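Enquirer:
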Amino acid sequence: MKRAGLLCAVMLIAASCATMSPPQGQDLVNRAVQAVGGAESLAKVKTVSVEGTVRQWEPEQSMAAGGEMRFACASTFALVTDVASGATRVDWVRNFQYPTARTFTFSEIVTSDAGYVAGIDSNGRTRQSLDSNPPAHSMSGLRLAASQRELRRGSTLLLLEMQKNPDRVSAVPDVTVGAATYPAVAYRAGDQTFTVMFDRATGLPARIRTLDYDNIWGDVTYDLVLSDWQTKDGLMTALSRTYELNGRPVMEVKTTNVKINAPIAADRFAIPAAFKAAASKPATGAVPYQWVIRRQFIGTYLDSDAVAYDAKATSGLRLVELAPGVQHVVGGSHNSLIVEMREYLVVFDAPVSDGTAKWIIEAARAKYPGKPVRYLVLTHHHMDHAGGVRAFAAQGATIITGKGTAEHFRRVLAVPFTRNPDLPSRDLKTTTVTEVTERQVFSDGTREVGGYVIDNPHSVGMIIGYVSDAKIAYVTDIWSPGAGPLPDKLTPPLAALVAGVKKAGVAPAKVAGGHGSVGDYAPLAALEGK
Ligand SMILES: [Zn+2]
1 MKRAGLLCAV
11 MLIAASCATM
21 SPPQGQDLVN
31 RAVQAVGGAE
41 SLAKVKTVSV
51 EGTVRQWEPE
61 QSMAAGGEMR
71 FACASTFALV
81 TDVASGATRV
91 DWVRNFQYPT
101 ARTFTFSEIV
111 TSDAGYVAGI
121 DSNGRTRQSL
131 DSNPPAHSMS
141 GLRLAASQRE
151 LRRGSTLLLL
161 EMQKNPDRVS
171 AVPDVTVGAA
181 TYPAVAYRAG
191 DQTFTVMFDR
201 ATGLPARIRT
211 LDYDNIWGDV
221 TYDLVLSDWQ
231 TKDGLMTALS
241 RTYELNGRPV
251 MEVKTTNVKI
261 NAPIAADRFA
271 IPAAFKAAAS
281 KPATGAVPYQ
291 WVIRRQFIGT
301 YLDSDAVAYD
311 AKATSGLRLV
321 ELAPGVQHVV
331 GGSHNSLIVE
341 MREYLVVFDA
351 PVSDGTAKWI
361 IEAARAKYPG
371 KPVRYLVLTH
381 HHMDHAGGVR
391 AFAAQGATII
401 TGKGTAEHFR
411 RVLAVPFTRN
421 PDLPSRDLKT
431 TTVTEVTERQ
441 VFSDGTREVG
451 GYVIDNPHSV
461 GMIIGYVSDA
471 KIAYVTDIWS
481 PGAGPLPDKL
491 TPPLAALVAG
501 VKKAGVAPAK
511 VAGGHGSVGD
521 YAPLAALEGK
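Taken in order, the sequence shown gives residues 1 to 530; the numbers are from my numbering.
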């Protein structure tokens, strides 16, 4: 009997082992806390100091539609966090490579209720930045919310926060990424949900995911991939951090120096009173995180609470009549052009977002009642000039794109966009997308408006627009008329424009820009041969 009892006990253990499930939910969090050094060690963290380098790429500024990502920026940074106050300061040296090479040196301070930038961080400067000496500005609520989210995602202390808030942790099914399958939990923080995936062998967090909206690819995943774990001051830290957009690496962070509890002077986190008072609170709800995060890779856009214009300096977008039936949409960081035909409208470019696109569509409807936007001509595929394509497609416009880009836009219009902050998701797969090989001229017997494909160094298949009777051309990115004086000689993009105008056989008197305002064409053409 004794022997049988023992056997039974062994069998019971074996049985319970066989049915014991792998760790789930809070167990995964507890295991990860242990793996990085334990709750006690994490609770003793008062300050974190990190130095490193960052490389960033923008997939939707590629030379060819759907082609290799554009390398945008290489930076060095020094980050310090004070845990008790929740304040973080990052000192940056950013060497932008695109659209032009330049270096910006600046500091960001992010607290729970305000964000601040000391120095110049973008060519697109808000009124406050321009008026401040030395240059500085309060962060928009959008940027503050995005910065807070990303600091939380990357923090050593996220696991401790999760352990302390088990009610906000829930078990989710394993997540497969490529060849790997990760046990995972969902963690709710404010109006954000992170999916935290764990390495099965070590228990350490491997990927931290959010579900975002991208103005080109609709519903996307954005993952922080953690690797190269090493012990620094008693805690495990991932020295290599890669951010993946739908599985493509868009940002690589290499940490070169990590210090826990090094003393940091309190004034390092001080936001000057005037900027603190003017600062927006963190935005909530449908924040366009990808636009706000990735526009900083390029360093040309506005840090504004309205994504398309400086909310503190202008009343917003407006129409400027360049000729009868030709309206330049200006007032923001990006422009477009509305051309009136006898029965319909042609619009050039759908910048930034569906919110901007909806404004353009409404303004066109009010100006020209009864005339629908029948054609949206996209000068090129970059996300800052095509990010509003869905709103035009949703109201039935045919999309006109340059050589080599139609298939790209058919794919773009086929993806779901349930997280679009500006437009309810719907099926846009049947949208007509027409590719222009050389030229497409719309004519209604009274007016001709054309799109002409030109060779240029900015993007494959770029189109310039031309309204024949008004002698007005529309050009994006290779010239921004009115944004600055002409150079002494033609730069490669300007030379491409002059050659393209010749090849198209058009004769513009004025050029309206996708950025900037309007300029005379003759002084530009006169630079040829100089
Ligand atoms: Zn562009």
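Note that the Cβ used here is the ideal one computed from N, Cα and C, for glycine as well.
Bear in mind that the values here come from a model prediction, so they are computed numbers and not experimental data.
Are residue 612 and residue 85 closer than 8 Å when you measure CB to CB?
Expert: Given a span of 1 to 530 for the chain in the structure shown, any question on residue 612 remains unanswerable.
Enquirer: CA-CA distance, residue 46 and residue 215?
Expert: Taking the sequence shown and counting its residues from 1, one reaches residue 46 at position 46. Taking the sequence shown and counting its residues from 1, one reaches residue 215 at position 215. Residue 46 and residue 215: Cα-Cα distance of roughly 39 Å.
Enquirer: Cα-Cα, which of 256, 353, 218, 22 is closest to residue 416?
Expert: Numbered from its first residue, the sequence shown carries residue 416 at position 416. Residue 416 has its Cα closest to that of 218, out of 256, 353, 218, 22.
Enquirer: By a C-beta neighbour count over all protein chains shown, 10 Å radius and 16 as the cutoff for buried, is residue 133 buried or exposed?
Expert: If you number the sequence shown from 1, residue 133 lands on position 133. It counts as exposed.
Enquirer: For residue 351 and residue 308, which I take to be in contact (beta-carbon distance under 8 Å), what is that distance rounded to the nearest angstrom?
Expert: For the purposes of this step, residue 351 is identified with residue 351 of the sequence shown, where counting begins at 1. For the purposes of this step, residue 308 is identified with residue 308 of the sequence shown, where counting begins at 1. Their Cβ separation, rounded to whole angstroms, is 7 Å, which keeps residue 351 and residue 308 in contact under 8 Å.
Enquirer: What do you reckon, are the CB atoms on residue 466 and residue 453 nearer than 8 Å?
Expert: Indexing the sequence shown from 1 puts residue 466 at position 466. Indexing the sequence shown from 1 puts residue 453 at position 453. No, Cβ-Cβ distance for residue 466 and residue 453 is not below 8 Å.
Enquirer: Mind checking whether the beta-carbon of residue 408 lies closer than 7 Å to any heavy atom of ligand 3?
Expert: Inclusion of ligand 3 in the displayed structure is not the case, the ligand content consisting of ligand 1 alone.
Enquirer: Cβ-heavy atom distance between residue 155 and ligand 1 below 7 Å?
Expert: Walking along the sequence shown from the start, residue 155 turns up at place 155. Checking the Cβ of residue 155 against ligand 1 gives no.
Enquirer: Measuring CB atoms only, is the segment 487-503 touching the segment 336-352, in the sense that at least three cross pairs come out at less than 8 Å?
Expert: Result no; under three Cβ-Cβ pairs closer than 8 Å.
Enquirer: Please tell me whether residue 182 and residue 206 are closer than 8 Å, where the distance is taken between their beta carbons.
Expert: Position 182 of the sequence shown holds residue 182. Position 206 of the sequence shown holds residue 206. Yes, the pair counts as a contact, with Cβ atoms nearer than the cut-off.
Enquirer: Here's the rule: buried if 16 or more other CB atoms are within 10 angstroms of the residue's CB, otherwise exposed. What is residue 321?
Expert: The residue given as residue 321 occupies position 321 in the sequence shown. Residue 321 comes out exposed.
Enquirer: Quick one: what's got a C-beta closer than 6 Å to residue 73's C-beta in the same chain, skipping five residues either side?
Expert: Against the sequence shown, residue 73 aligns to sequence position 73. 56, 94, 96, 297, listed in sequence order.
Enquirer: Given residue 426, which residues of its chain have a CB within under 7 Å of its CB, disregarding the five upstream and five downstream residues?
Expert: Taking the sequence shown and counting its residues from 1, the one referred to as residue 426 is at position 426. The residues are 394.
Enquirer: Let me know the secondary structure DSSP gives residue 222 once reduced to three states.
Expert: Locating residue 222 in the sequence shown gives position 222, counting from the first residue. If DSSP states are grouped into helix, strand and coil, residue 222 belongs with the strands.
Enquirer: Is it true that the segment 476-488 meets the segment 399-415, where meeting means three or more beta-carbon pairs spaced less than 8 Å apart?
Expert: No, the segment 476-488 is not in contact with the segment 399-415.
Enquirer: Could you check what DSSP says for residue 36 in three-state terms: helix, strand or coil?
Expert: Translated into positions along the sequence shown, residue 36 becomes position 36. Here residue 36 sits in helix by DSSP.
Enquirer: Is residue 493 helix, strand or coil when you go by DSSP?
Expert: Here residue 493 corresponds to residue number 493 of the sequence shown, with the count starting at 1. DSSP places residue 493 in helix when its eight states are reduced to three.
Enquirer: What did DSSP end up calling residue 516 once you bin it into helix, strand or coil?
Expert: In the sequence shown, the residue the question calls residue 516 occupies position 516. Correct three-state label for residue 516: coil.
Enquirer: Compute the minimum distance between the beta carbon of residue 349 and the heavy atoms of ligand 1, and state whether it is under 7 Å.
Expert: Counted from its first residue, the sequence shown places residue 349 at position 349. Flag unset: Cβ of residue 349 not near ligand 1.
Enquirer: Taking only heavy atoms of ligand 1 into account, decide whether any of them is closer than 7 Å to the Cβ of residue 458.
Expert: Here residue 458 refers to the residue found at position 458 of the sequence shown. Answer for residue 458: yes, Cβ within range of ligand 1.
Enquirer: Mapping the DSSP letters down to three states, classify residue 160 as helix, strand or coil.
Expert: Mapped onto the sequence shown, residue 160 falls at position 160. Residue 160 falls in the helix class under three-state DSSP.
Enquirer: Do residue 385 and residue 60 have their C-beta atoms within less than 8 Å of each other?
Expert: Position 385 of the sequence shown holds residue 385. Position 60 of the sequence shown holds residue 60. No, Cβ-Cβ distance for residue 385 and residue 60 is not below 8 Å.
Enquirer: DSSP three-state label for residue 57, please.
Expert: Position 57 of the sequence shown, counting from 1, holds the residue named residue 57. Of the three classes helix, strand and coil, the one that applies to residue 57 here is strand, per DSSP.
Enquirer: Which residues neighbour ligand 1 when neighbourhood means a C-beta less than 5 Å away from any of its non-hydrogen atoms? List them by chain order.
Expert: Taking each Cβ in turn, the ones that pass are 382, 477.
Enquirer: Using beta-carbon positions only, say whether residue 107 and residue 91 come within less than 8 Å of one another.
Expert: As a first step, residue 107 must be located in the sequence shown, where it is residue number 107. As a first step, residue 91 must be located in the sequence shown, where it is residue number 91. Result yes, Cβ atoms of residue 107 and residue 91 sit closer than 8 Å.
Enquirer: For residue 381, does the three-state DSSP call read helix, strand or coil?
Expert: Start at 1 with the first residue of the sequence shown, and residue 381 comes out as number 381. Residue 381 falls in the coil class under three-state DSSP.
Enquirer: For the segment 507-519 against the segment 318-334, are there 3 or more C-beta pairs whose distance is under 8 Å?
Expert: Segments in contact, yes.
Enquirer: Going straight from the alpha carbon of residue 434 to that of residue 319, what length do you get?
Expert: Translated into positions along the sequence shown, residue 434 becomes position 434. Translated into positions along the sequence shown, residue 319 becomes position 319. Going from the Cα of residue 434 to the Cα of residue 319 covers about 27 Å.
Enquirer: What's the gap between the Cα of residue 451 and the Cα of residue 324?
Expert: As a working mapping, residue 451 is identified with position 451 in the sequence shown. As a working mapping, residue 324 is identified with position 324 in the sequence shown. Rounded to whole angstroms, residue 451 to residue 324 spans 19 Å at the Cα level.
Enquirer: Along the chain, where does the beta strand (DSSP E) that runs through residue 402 open and close?
Expert: Here residue 402 refers to the residue found at position 402 of the sequence shown. Note, residue 402: beta strand (DSSP E), 398-402.
Enquirer: Count Cβ pairs between the segment 261-277 and the segment 27-42 that sit closer than 8 Å; are there 3 or more?
Expert: Short answer: they don't touch.
Enquirer: Drop a sphere of 10 angstroms on the beta-carbon of residue 534, count the other beta-carbons inside from all chains shown, and report buried for 16 or more, exposed for fewer.
Expert: Lying outside 1 to 530, the shown extent of the chain, residue 534 is not represented and no answer is given.
Enquirer: Quick check on the burial criterion: 16 or more other C-beta atoms within 10 angstroms. Buried or exposed for residue 3?
Expert: Position 3 of the sequence shown, counting from 1, holds the residue named residue 3. The predicted model places residue 3 with a pLDDT of 48, which falls under 50 and marks its position as unreliable; any figure quoted below should be read in that light. By the neighbour-count rule (16 or more Cβ atoms within 10 Å), residue 3 is not buried but exposed.
Enquirer: Considering only the beta carbon of each residue, do residue 33 and residue 160 sit closer than 8 Å?
Expert: In the sequence shown, counting from the first residue as 1, residue 33 sits at position 33. In the sequence shown, counting from the first residue as 1, residue 160 sits at position 160. Yes; because the gap between Cβ atoms is below 8 Å, this pair is in contact.
Enquirer: Give every residue of the same chain whose Cβ lies closer than 7 Å to the Cβ of residue 398, excluding the five residues on either side of it in the sequence, and list them in chain order.
Expert: In the sequence shown, the residue the question calls residue 398 occupies position 398. The answer, listed in chain order, is 374, 375, 432, 434.
Enquirer: Taking residue 289 and residue 212 to be in contact with their CB atoms under 8 Å, please state how far apart those CB atoms are, rounded to whole angstroms.
Expert: The residue given as residue 289 occupies position 289 in the sequence shown. The residue given as residue 212 occupies position 212 in the sequence shown. Indeed, because the Cβ distance is near 5 Å, the residues count as touching under 8 Å.
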